[in-house]
Amino acid sequence: MQLTEAEVYWWLEGNVSEENEANVSELRQTLGALLVPGLDDRVSLLRFLKARHWNVAKAAKMYQAMATWRTEHEVDKLLDGFEFHELPLVRKHYPHFYHKTDKYGRPVYIELLGQCDIDQLLKVTTIERFTNYHIQQSEAFRCHKLPACTAAAGRTMLTHTIILDMAGLSPTRHFTLTVKHFLENISRIDQNNFPEHLGCLFMINTPLLFRGFWSVIKGFLDERTLAKIKVLGSGYLPELLAVIPAENLPTMFGGKSACDCTDLGPWQDASVVNNDPALIKAAAAGQLELTSGLAGSSSSNSLKHSGSLIGTAIQITAGSPSSSGVLDEAIAAQ
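Residue numbers (the UniProt record's numbering): 1 to 334.
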């Protein structure tokens with residue numbers, strides 16, 4: 001099953017049913033003074049409604065829990081005030097980055113899971129600091145990357161495309177209790193507080209162990225979730241090129257775009273950023289490092305806000321989601 005353009009841009013006016021638009025108004029009225037500034041717009045409310053299958057009461061409960069969590073963890077201070085100085089070392093043990101956009105204008109997020117080593121990662125940072133970094137990146141995705149991609153594409157962007165490269169995945173290194181507990185912590189944050197981020201997920205170079213596991217669990221997932229996911233072996237290139245233009249796909253995957261495994265996208269392009277007052281403010285505050293002059297995207301060696309998803313594929317294979325319902329929710333939350 002392939003997603004239609006209306007399904008890709010499910011949040012745009014005209015693609016949301018009258019009933020569900022009415023649910024947005026009802027949710028807004030239900031929350032009232034509990035609405036969080038910056039998360040009180042239509043598309044933010046749509047995220048929570050969709051995550052709870054358009055049930056207003058359940059979406060309101062989820063939203064209220066998110067608002068409480070943001071206060072308790074002082075999330076608003078993390079975007080501007082948290083410095084993750086160990087990021088270069090973290091990237092060595094957990095390669096992750098954004099690289100340009102797909103054909104729909106969505107930012108493309110990449111993890112090299114086979115090169116991920118959680119044990120070594122926790123020698124250069126702590127779970128608490130990495131968790132704060134992850135929250136900061138989720139906020140940067142919402143506040144910087146999506147608005148810049150929206151400006152570049154000329155239409156509202158709400159989701160991203162993900163490539164998880166599983167080449168080198170090892171049961172002894174990646175499927176341990178340490179990994180399981182680490183990922184459960186991050187996944188819980190994403191599921192509860194940053195719902196409906198996933199547009200499309202490519203798992204490439206998947207080992208036979210994972211493909212065998214996937215063949216069993218996919219029978220329990222709904223069509224909407226399955227349509228977002230492609231589980232591929234080494235012959236993944238045609239599937240990637242169907243969604244990501246060759247000029248935007250890293251050369252390591254068979255594309256034509258040079259990639260040094262650091263951030264690259266419209267949120268660094270001065271010609272894009274200068275059209276958005278919020279992005280201009282972020283750049284002035286040092287949250288963005290700009291390099292203009294590239295068509296569609298621009299390069300930067302900035303390590304400030306480079307994104308962190310954490311390997312959904314490892315979490316699934318390690319058995320963290322114990323049922324299809326939890327798995328469905330975990331994927332939808334991205």
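For every residue, glycine included, the Cβ atom is placed at its ideal position computed from N, Cα and C. Because the structure is a prediction, the values reported are computed rather than measured.
Straight through space, the alpha carbons of L49 and A22 are spaced by roughly 11 Å. With respect to V124, V179 sits apart: the two C-beta atoms are not nearer than 9 Å.
In this structure, the CA atom of K281 is about 15 Å from the CA atom of A151. Taking C-beta atoms as the reference points, I244 and G235 fail to come closer than 9 Å.
Beta-bridge partners of L164 (DSSP): E111 and M203. For F97, the pairing in a beta bridge is given by DSSP as I110.
Annotated three-state conformation of G32 is helix, per DSSP.
Cβ contact annotation for L27 (same chain, cutoff 8 Å, sequence separation greater than five): L45, F48, L49, V56, A59, A60 and Y63, in chain order. Burial state of E139 is buried, judged by a 10 Å Cβ sphere holding 16 or more other Cβ atoms. In this structure, F202 and E239 form a Cβ contact; the two beta carbons are roughly 7 Å apart against a cut-off of 8 Å. Bridge partners of S257 according to DSSP: P250. Proximity to L169 across K218, I162 and C116 peaks at C116, based on C-alpha coordinates.
Taken atom to atom, the span from the alpha-carbon of H85 to that of D119 is near 19 Å. Under the three-state reduction of DSSP output, G265 falls in the strand class. Judged by their CB atoms, A278 and A270 are not nearer to each other than the 9 Å cut-off. Following the DSSP letters along the chain, one finds V16 in no beta strand (DSSP E), marked with neither H nor E. A check of alpha carbon separations from R155 across G81, K100 and Y104 identifies Y104 as the nearest. For V243, there is no enclosing beta strand (DSSP E), since its DSSP letter is neither H nor E.
Between V8 and G199, the gap from beta carbon to beta carbon is short of 9 Å.
Excluding sequence positions up to five before and after T30, its CB lies within less than 7 Å of the CB of V56 and A60, all in the same chain and listed in chain order. Counting along the chain, K230 sits inside the beta strand (DSSP E) bounded by residues I229 to V231. Counting the other Cβ atoms within 10 Å of the Cβ of H160 gives 16 or more, which makes it buried. In the DSSP assignment, C116 falls outside any alpha helix (DSSP H), carrying neither H nor E. Put simply, the backbone Cα of L208 is about 13 Å away from that of V216. Per DSSP, reduced to three states, the secondary structure at L87 is helical.
Of the candidates T71, E19 and E5, T71 places its Cα closest to the Cα of L34.
By the neighbour-count criterion, in which 16 or more other beta carbons inside 10 Å mark a residue as buried, L177 falls on the exposed side.
Going by beta carbons, L113 and D190 fall outside the 9 Å limit.
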